[in-house]
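Just so we're aligned, residue 1 is where the sequence shown starts under full-length UniProt numbering, counting upward by one.
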Amino acid sequence: QMSSYKRATLEEEEGSDTPAEGGVDILGRRTQLEVLLSVMLLAALLALLACLVALGLGFSSGNPASAPLFLDLSHRPHFLSYLQPVNTFFFSDSGRGLCLSEACVTVASQIVEAMDRSADPCQDFHQFACGGWMRKNPLPDGRSRWSTFNSIWEQNQALLKHLLENGTFNGSSEAERKTQSYYLSCLNTQRIEDLGAQPLVDLITKIGGWNMTGPWDKDNLMEVLKMVSGLYRAQPFFSVVVGADPKNSNSNIIQVIHRAPTLSVLMAYLDYMVELGMLLGGEKTSTQLQMQQILDFETSLANITVPQDQRRDEEKIYHKVTISELQLLAPAVDWLDFLTFSLSPLELNDTEPVVLYAREYLQQVSELINKTDKSLLNNYMMWTLVQKSVATLDQRFENAQDKLLESLYGTKKSCTPRWQTCIGNTDDTLGFALGALFVKATFDKHSKEIAEEMINEIRSAFKQALDRLSWMDSETRQAAKDKADAIYDMIGFPEFILDPKELDDVYDGYDVSDDSFFQNMLNFYNFSTRVMADQLRKAPNKDQWSMTPPTVNAYYMPTKNGIVFPAGILQAPFYAHDHPKSLNFGGIGVVMGHELTHAFDDQGREYDKEGNLRPWWQNSSVEGFRQRTECMVEQYSRYTVNGEHVNGKQTLGENIADNGGLKAAYHAYRSWIQRHGDEKRLPAVNLTNDQLFFVGFAQVWCSVRTPESAHEGLVTDPHSPPRYRVIGTLANSLDFSHHFSCPEGTPMNTGKRCEVCSGPACKLQLVEMIRLTSCLETRRPRPTPGGLMMKKMTNMMMMMMMAVVVVMKKMMFRHHVAYSFHHIYCGQVCVCVCVCVCVCVCVCVCVCVRVLAPVCLCVCVSDDITVMTSY
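Quick look at the structure:
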């Protein structure tokens with residue numbers, strides 16, 4: 001099968017149908033059946049020509065009532081395009097059926113420029129869709145990776161720069177004035193250079209000293225941990241947060257999460273550590289020795305850290321204990337003292353509940369702390385504080401960081417303009433006040449309404465897909481539908497940011513200095529600690545966002561069963577109100593489907609519709625899910641980047657979301673088409689609207705990155721590399737293979753699909769119908785007997801053409817080509833079911849409720865036979 005395919009798509013394209021003598025053999029190596037069908041095609045074309053001549057005579061007679069119901073293909077430009085090889089069309093529009101608005105012409109140009117039409121879409125769809133983009137978008141200076149996401153974020157940054165540098169906020173909220181002051185303090189490099197390392201040196205002295213650079217308090221370890229971790233959020237051994245209790249989502253709880261150090265380039269990291277120690281006053285020989293000890297200690301921490309792919313089952317890693325039980329588990333830390341300080345001014349006692357996500361890790365950390373020299377512990381904790389503070393210090397520290405970044409990611413931070421760095425810092429610190437400026441300047445509230453409509457359409461498509469899961473029991477299926485209905489969506493921005501008083505209340509207590517960027521950062525760490533403590537005795541806020549409005553991203557919240565789409569991502573190429581729906585569904589629609597599917601991935605499925613972590617799936621459905629996810633783990637683990645394999649387990653949740661999101665968005669798009677009719681096609685792209693959906697999806701993930709960054713992503717990122725987010729997802733899509741006519745055995749249609757949202761019943765190719773009659777008029781006079789006969793002849797000839805076209809395409813490819821004929825409703829509803837008894841015998845049953853005397857064509861394609869029946 002594989003070798004036959006290679007001849008069809010590679011060798012034959014280069015002239016394999018040409019005999020050695022040089023003559024062209026049109027029927028070379030064809031079966032008798034195929035030759036017979038070719039003759040039938042010629043006969044059918046001649047008969048059709050005669051029919052068309054008769055139709056012309058009928059119309060010229062001047063009696064419209066006697067004219068047959070005529071097939072108007074100009075109003076269905078996509079009708080036969082499903083049967084086309086890529087980049088060829090049966091019809092020439094001559095301007096009809098094309099969208100020629102300014103927006104359509106512009107986006108068409110962008111799509112064509114991003115494509116590489118020399119690539120075979122069935123071999124490498126990422127290259128086909130993104131080859132032009134990658135060629136025209138080399139990595140910018142200072143970037144380890146570049147993608148459409150980065151491009152949009154840079155546009156957002158440029159707008160925010162203009163607003164912050166040219167705006168006056170005298171009549172605005174206090175929070176917006178703080179935002180401008182913070183940004184300008186970051187831009188004030190002269191003041192940062194004047195201060196040098198002194199702000200950090202003073203902070204180290206305040207905490208108790210650092211053995212690396214001077215005297216230190218040997219009996220002060222617990223105080224150092226409280227200050228470094230609790231007050232300044234450096235978190236050397238573990239992280240402490242307050243959030244919704246996964247098993248009781250209506251209440252907040254203290255959560256302890258282990259820290260996962262990444263040591264990918266040890267020598268470069270050690271050089272960086274030594275240079276920073278010396279910049280802060282350390283002596284070279286002593287600093288080298290002590291930094292090596294710190295590095296060895298970090299390596300020990302890394303060795304007891306549980307890998308990401310082993311922390312995906314949240315039911316297994318969730319442990320609720322009291323502070324007194326935690327003390328017995330990890331006695332190296334005085335937990336009541338530490339947590340009371342970290343969550344001041346709250347009062348805690350030994351019975352306070354705490355959720356642990358790494359029980360064994362905390363046990364081992366406690367043992368490691370107890371057997372480690374106090375001097376080394378002090379050095380390590382202070383080192384984490386130094387690392388956190390580097391970005392606020394002078395150019396010498398930035399130069400040292402550049403060397404490390406070049407080793408880790410193959411890039412230099414210094415190549416990035418200072419203003420961009422400062423916009424990013426401002427968004428991290430005062431992101432909702434910054435978001436208020438962004439939203440007021442850019443966001444169209446109408447976009448929010450359209451986005452909500454799209455989410456509902458995708459939700460509906462997702463629920464319909466649940467009905468086709470043969471491996472899911474009815475009880476679990478109904479609970480899954482209930483959860484899908486309960487998903488809470490937040491679009492654009494939280495409403496409070498447009499209310500100056502509410503916005504000011506959010507940042508009340510955060511003091512911003514005009515002339516000290518370092519102090520602004522310290523103040524923010526203190527402020528965020530107080531905000532965290534304030535949440536503990538309150539119920540979780542369902543409307544609380546974790547991403548700021550300018551962010552180009554989206555996310556799912558399992559404990560809230562909510563999905564969030566910030567304003568930053570609701571723009572081209574993801575969404576534009578004047579773009580074709582195929583692009584909007586292929587862009588933001590797939591993102592919506594992705595986040596919705598997260599509610600049912602390997603982690604999200606463990607939470608019920610209320611956001612509570614509990615087992616709500618029946619065991620049989622859990623087993624069916626597990627079997628299908630194993631297929632996906634194996635599939636993605638076969639993909640490599642620079643010879644290094646993708647971790648299929650680590651990326652499983654995102655891969656499930658990518659695959660489910662694409663399927664839901666595409667089916668939602670087809671439902672939209674059925675309700676509203678076909679869209680006009682884009683000019684020059686030479687793609688059907690269905691093909692455009694998949695190209696639009698792929699071009700969202702156009703990207704380039706350095707080898708170093710690619711390696712780092714494989715180690716730490718829960719997402720697959722962008723290339724495989726395209727290839728892996730589309731290789732699992734039957735709809736994609738249909739519309740791009742990819743023969744089985746090609747890389748994009750391997751014949752084995754890993755689909756969590758499919759079962760054995762979904763593996764049969766069910767039949768869809770094509771409406772072959774004109775929809776120009778809703779009522780017509782009853783035709784004369786002669787006109788009725790001509791109508792029947794027209795329908796019969798069209799079906800003959802369709803049958804021969806399908807078989808001829810099989811002759812062209814010499815392989816099975818799967819087709820998906822989509823419903824075109826116009827005054828009728830047809831339901832067809834086909835059962836294939838073997839590879840070549842299929843029985844189809846269709847029921848049509850007629851309104852306009854339609855012709856319903858049922859098509860069932862097996863490996864060798866195409867069956868068509870007219871009703």
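All C-beta atoms in this analysis are idealised placements derived from N, C-alpha and C, irrespective of residue type, glycine included. What you are looking at is a predicted structure, and each value in this text was computed from that prediction instead of being measured.
Local Cβ density within 10 Å of residue i, reported as buried at 16 or more and exposed below that
{"i": "MET547", "result": "buried"}
{"i": "THR688", "result": "buried"}
{"i": "MET632", "result": "buried"}
{"i": "LYS178", "result": "buried"}
{"i": "SER737", "result": "buried"}
{"i": "GLY214", "result": "exposed"}
{"i": "ALA572", "result": "buried"}
{"i": "HIS78", "result": "Because the pLDDT at HIS78 is just 34, under 50, the model does not fix this residue reliably, and the value given afterwards should be weighed accordingly. Counting Cβ neighbours within 10 Å, HIS78 comes out buried, since at least 16 surround it."}
{"i": "THR559", "result": "buried"}
{"i": "VAL715", "result": "exposed"}
{"i": "GLY677", "result": "exposed"}
{"i": "ALA197", "result": "buried"}
{"i": "ALA539", "result": "exposed"}
{"i": "PRO760", "result": "The predicted model places PRO760 with a pLDDT of 39, which falls under 50 and marks its position as unreliable; any figure quoted below should be read in that light. Per the 10 Å Cβ criterion, exposed."}
{"i": "GLU315", "result": "exposed"}
CA-to-CA distance, residue j to residue i, given in whole angstroms
{"i": "GLY653", "j": "PRO236", "result": "28 Å"}
{"i": "ILE824", "j": "GLN674", "result": "Legend: pLDDT at ILE824 = 34, less than 50; position of this residue unreliable, value from coordinates given subsequently. For ILE824 and GLN674, the distance between alpha carbons rounds to 6 Å."}
{"i": "SER528", "j": "ASP271", "result": "32 Å"}
{"i": "ILE569", "j": "MET592", "result": "11 Å"}
{"i": "PRO707", "j": "ASN137", "result": "16 Å"}
{"i": "ASP334", "j": "VAL274", "result": "31 Å"}
{"i": "LEU437", "j": "LEU163", "result": "7 Å"}
{"i": "GLN420", "j": "VAL622", "result": "47 Å"}
{"i": "PHE585", "j": "SER741", "result": "21 Å"}
{"i": "GLN292", "j": "TYR380", "result": "11 Å"}
{"i": "SER181", "j": "PHE169", "result": "10 Å"}
{"i": "ASN150", "j": "ALA433", "result": "22 Å"}
{"i": "LEU160", "j": "HIS577", "result": "23 Å"}
{"i": "ALA480", "j": "VAL354", "result": "30 Å"}
{"i": "PRO500", "j": "TYR507", "result": "11 Å"}
{"i": "GLY509", "j": "ALA175", "result": "11 Å"}
{"i": "ASN543", "j": "GLN395", "result": "Reading the sequence as shown, one finds Asp at residue 543 and not Asn. Cα-Cα distance, rounded: 40 Å."}
{"i": "GLY277", "j": "SER229", "result": "20 Å"}
{"i": "GLY167", "j": "TYR556", "result": "34 Å"}
{"i": "SER249", "j": "ASN541", "result": "10 Å"}
Counterpart residues of residue i in DSSP-defined beta bridges
{"i": "PRO743", "result": "For PRO743, which the question treats as bridged, DSSP gives no partner whatsoever."}
{"i": "TRP216", "result": "GLY209"}
{"i": "GLU644", "result": "VAL641"}
{"i": "GLY751", "result": "Per DSSP, none; premise fails for GLY751."}
{"i": "TRP146", "result": "VAL704"}
{"i": "ALA244", "result": "ASN252"}
Residues of its chain near residue i, where Cβ-Cβ distance is below 6 Å and the 5 sequence neighbours each way are ignored
{"i": "residue 905", "result": "Residue numbering for the chain in the displayed model covers 1 to 871; residue 905 lies beyond these limits and cannot be assessed."}
{"i": "GLN535", "result": "VAL242 and ASN252"}
{"i": "SER109", "result": "none"}
{"i": "MET521", "result": "THR392"}
{"i": "CYS754", "result": "CYS631, MET632, GLN635 and ASN732"}
{"i": "PRO199", "result": "PHE518"}
Nearest-angstrom beta carbon gap, residue j and residue i [assumed within contact, 8 Å]
{"i": "ALA234", "j": "LEU385", "result": "5 Å"}
{"i": "LYS374", "j": "LYS226", "result": "Not confirmed; about 16 Å, so no contact."}
{"i": "VAL390", "j": "LEU356", "result": "At roughly 31 Å, the Cβ-Cβ gap does not stay under 8 Å, so VAL390 and LEU356 are not in contact."}
{"i": "GLY142", "j": "THR411", "result": "6 Å"}
{"i": "HIS446", "j": "ALA103", "result": "Between ALA103 and HIS446 the Cβ distance is about 15 Å, and since that is not below 8 Å, they are no contact."}
{"i": "ASP482", "j": "LYS609", "result": "5 Å"}
Cβ-based neighbour list, residue i, same chain, cut-off 8 Å, excluding 5 preceding and 5 following
{"i": "SER720", "result": "TYR636, TYR639, VAL646, THR651, GLU654, ASN655, ASP658 and GLY728"}
{"i": "ILE588", "result": "ALA451, MET454, PHE565, ILE569, LEU570, PHE574 and TYR575"}
{"i": "VAL201", "result": "THR213, LEU280 and GLY281"}
{"i": "LEU301", "result": "PHE237, ARG259, PRO261, VAL365 and LEU368"}
Other residues of its chain near residue i: CB distance less than 7 Å, five sequence neighbours each side excluded
{"i": "ASP703", "result": "Reading off the sequence, residue 703 comes out as Ser, not Asp. Within the same chain, SER703 has close Cβ partners ARG145, TRP146, SER147 and PRO722."}
{"i": "LEU100", "result": "PRO683"}
{"i": "PHE693", "result": "SER582, PHE585, GLY586, TYR666 and TYR669"}
{"i": "ALA332", "result": "SER366, ILE369 and ASN370"}
{"i": "ASP602", "result": "ARG312, THR629, LEU652, GLY653 and ILE656"}
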